Each structure stands twice: as C-alpha cells, then as structure tokens.
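In the numbering used here, the protein residues as written are 520 to 887.
By construction, the Cβ of each residue, glycine as well, lies at the ideal position given by its N, Cα and C atoms.
Given the structure is predicted, the values throughout are model-derived calculations rather than measurements.
Below is the structure:
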C-alpha cells in the first residue's frame, strides 16, 4: 500500500519540478524593466542590457573583442565580464554556415526562391519619441519597423513574410505563446527566421551614423541554452562580419544570453534588437534598409552574386550544348568514313545528309 502511494507522490513531485524548470526558463526570456550594466574587470562599462545577465553569458563588442560574464550583482544590477580574446568564431560552425549559404545561392539561382520569415514576440514594444509611449497593446511601433524591414527585403528580391500576430502580455510566457507562430512560419521553408524587437536601454547606446544617415544600430541576440546555439552564433557572426565590411557602425554587438528564445527551432533563427525605446522609430526604420542588404548578402550572396551565379550557369549550359553538338558531328563523320570506306565517299554522304536535314541550304551551289 505504501509503495502504491509513493509512486503517485513521486510523479507529482517530478511534474512540479518540470513546471518549476519551465517557468524558470521562461523567466530568463523576460526582458522586464531592469537594466543591467556589463563592465570589464577594470570597471570599464562595456554595454547595457534590458534584462538580467547571467554567469556564462557571452558578449562580442563592436570591435570583435569577446567577453564572458563571470560575476553578477543583482543589488546594483551590474555584471563583470572577463576578456576572452578577439572573436574568431567557431570555425567549424562558420564553415558549415558559409557552405549552407553557398548552396542556397546556387539553389536560388535555379528556382528563384528567397524567403525570410519574421514575427515579433513582444507585441507591445514602441518608441517613445515617435509613438508617445514605450508600450501599446494596439498599433505598437515595433510593427512599423518590422514592416519596413519586410519592404526593404522585398526591394532586394526576397519574399518576406511578417506575421503580425500578437502575444500579449509582455511577460515570461510571451515566447511560449509566440512559439506556435514560429513553427507555422517554419513550415514555409524560410532561409531565416527573425524575431523583431527593440531594446530598453538609453538612446545613446544605439545612436549611429551610416553613410551619412542618422539611424539606429542593431543588436544581434542569441539564446545560448539550445542545441542550435553554435549555428545561431555562426549566423549572427556572419551578419556582423558582412555589416562591418559594408556598413561600419550598423551592428552594435552580439549578446549571447541564457535562454533559448525559440531559436532551438531553426539554425538560422535570430533575434534582432532594432534600436531602443528612447530612440526615434524612424531611425530604427532607417536601419532596416541597411539590414535588408546585409541579410541578402549573407543568405543569398547579394544581387551581384546571384546574377553572377545565373550567368555562370547559362555559360555552363551553353558550353555543354556546344560540346554535345561537336561530339555528335564528330561521331557522324567517323560513322560516314567507316560505312563508306573512304574520306571522299564519306564527304559526299555528309553533304547529302546535311542537304536533307537543312532543306538544301548547305552543300548546294548557287545558280549563276
């Protein structure tokens, strides 16, 4: 009797622990109102983040210096990070991603399909200078930014799907609610899945100028607690590399934090922080133009690369046809020689064959 009672009790305890773990994992993904400051071991401020920092989090700065969080003080909302070295990325993961991107370029040259899917887990996010407040349950500013990115991607010849589903309230369960939308979008077979957000730290952390335009920087956020973390990081690093080459100052940094943010669903899943609540929405929308070009370059090789690939394929096809025709002619000549027993007779036979095939256009002298 005692054993029968123990089994249900154990099951209940296990279930409770699972629920506690799930709740804890969700809490990691809730930005909240707290802003933590990250410093190096000398006390120099590296960056800020809306949401708690955890030991083991990684940070890749604008200059590619990489840090790892080693200490967190919740009382002062500060964290200390040790310098790891200059970021060179996971070479195997980067190589795998670049191989995937090259394959994608070739496939898209054949079928013309280029697809990026997007959604916004925090459906209330707004930009105070433009929207009047930081949060709205209807007509939130984040959707204006997402739609601008969609439009700019389409200008690049990319099909962009942006779900405007809402996942309110902005709490620890928002990512659980947005998961089903992410899964539905993945059924379309996109080349990337992007969750569009805005940060909640001071405006000066995001202000930048790119090619003379005053715009917002973009933070790339990776959830490290998932099986795709290496691939997600490789994707983020490649975006930063291309952006740094084409549009220096566009990418603020890469933060690799505890949690999964639904990124375990797909290797090319990423969270984009398009500016912050204190910056003008128009600056975040301005950043979308440059981000679209960078994403096109990273995922599809850019329009120039795509056209180059198409030209190579056309050239290869034409060359193949020429070879096939040449071999067919050679085979016909050899056959004629063998079947007639001599070059002269073979020549006469080839003339007759050509005349029959072309209606007498070849091998016939003009009448004077």
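Measuring alpha carbon to alpha carbon, tell me which residue in 719, 730, 732 and 745 is nearest residue 738.
Among 719, 730, 732 and 745, the Cα nearest to that of residue 738 is on 719.
Three-state secondary structure (DSSP) at residue 643?
Here residue 643 sits in coil by DSSP.
Residue 720 by DSSP, collapsed to three states: which one?
Of the three classes helix, strand and coil, the one that applies to residue 720 here is coil, per DSSP.
By the three-class DSSP mapping on this structure, what secondary structure does residue 799 have?
Coil at residue 799, not helix or strand.
In whole angstroms, what is the alpha-carbon distance linking residue 593 and residue 785?
In this structure, the alpha-carbon of residue 593 lies about 32 Å from that of residue 785.
If you run the structure through DSSP and keep just helix, strand and coil, what is residue 735?
Note: residue 735 maps to strand in three-state DSSP.
Residue ranges of each alpha helix (DSSP H) run of no fewer than 4 residues wholly in the stretch 653-692, ordered along the chain?
Fully enclosed alpha helix (DSSP H) runs of 4 or longer: 661-674.
Look at the alpha carbon of residue 729 and the alpha carbon of residue 803, and state the distance between them as a whole number of angstroms.
Rounded to whole angstroms, residue 729 to residue 803 spans 12 Å at the Cα level.
Beta-carbon separation (whole angstroms), residue 682 vs residue 700, contact threshold 8 Å:
Taking the Cβ atoms as the reference, residue 682 lies roughly 5 Å from residue 700, within the contact range of under 8 Å.
How close, in whole Å, do the beta carbons of residue 923 and residue 712 come, if the pair is a contact with beta carbons under 8 Å?
Any question about residue 923 goes unanswered here, given that the chain covers just 520 to 887.
Can you have a look at residue 892 and say buried or exposed, based on whether 16 or more other CB atoms are within 10 angstroms of its CB?
As shown, the chain starts at 520 and ends at 887. That puts residue 892 outside it, with no answer to give.
Give the secondary structure of residue 791 by DSSP, where H, G and I count as helix, E and B as strand, and everything else as coil.
In the structure shown, residue 791 sits in a strand (DSSP, three-state: E or B).
Quick check on residue 743: does DSSP put it in helix, strand or coil?
Here residue 743 sits in coil by DSSP.
Just to confirm the assignment, what range does the alpha helix (DSSP H) spanning residue 759 have?
Here the alpha helix (DSSP H) through residue 759 covers 748-765.
With three or more beta-carbon pairs closer than 8 Å as the criterion, would you say the stretch 600-608 touches the stretch 666-685?
The stretch 600-608 and the stretch 666-685 do not touch, with fewer than 3 CB-CB distances between them shorter than 8 Å.
Which of helix, strand or coil DSSP assigns to residue 600
Looking at residue 600 - three-state DSSP - the assignment turns out to be strand.
Look up residue 698 in the DSSP assignment and say whether it is helix, strand or coil.
The answer is helix: DSSP assigns residue 698 an H, G or I state.
Using a 10 Å radius around the Cβ and a threshold of 16 neighbouring Cβ atoms, would you call residue 605 buried or exposed?
Result: exposed.
Tell me the residue span of the beta strand (DSSP E) that contains residue 567.
Unbroken beta strand (DSSP E) run through residue 567: 564-569.
Any idea which residues DSSP pairs residue 553 with across the strands?
Per DSSP, residue 553 has no beta bridge partner at all.
Apply the 10 Å Cβ neighbour rule to residue 555 and answer buried if 16 or more other Cβ atoms are within range, or exposed otherwise.
The residue in question, residue 555, is buried, as its Cβ has 16 or more Cβ neighbours within 10 Å.
Am I right that residue 661 and residue 715 are in contact with their C-beta atoms under 8 Å? What's the rounded C-beta distance?
About 6 Å separates the CB atoms of residue 661 and residue 715; that is less than 8 Å, so the two are in contact.
Anticipated Cβ contact below 8 Å, residue 468 with residue 751, distance rounded:
There is simply no residue 468 to check, as the chain begins at 520 and stops at 887 in what is shown.
Can you tell me which of the three DSSP states residue 572 falls into?
Residue 572: coil per DSSP, three-state reduction.
What do you reckon, are the CB atoms on residue 643 and residue 655 nearer than 7 Å?
Taking C-beta atoms as the reference points, residue 643 and residue 655 count as a pair closer than 7 Å.
Member of 573, 636, 582 and 571 whose CA lies at the smallest distance from the CA of residue 790:
Checking every option, the nearest Cα to that of residue 790 belongs to 636.
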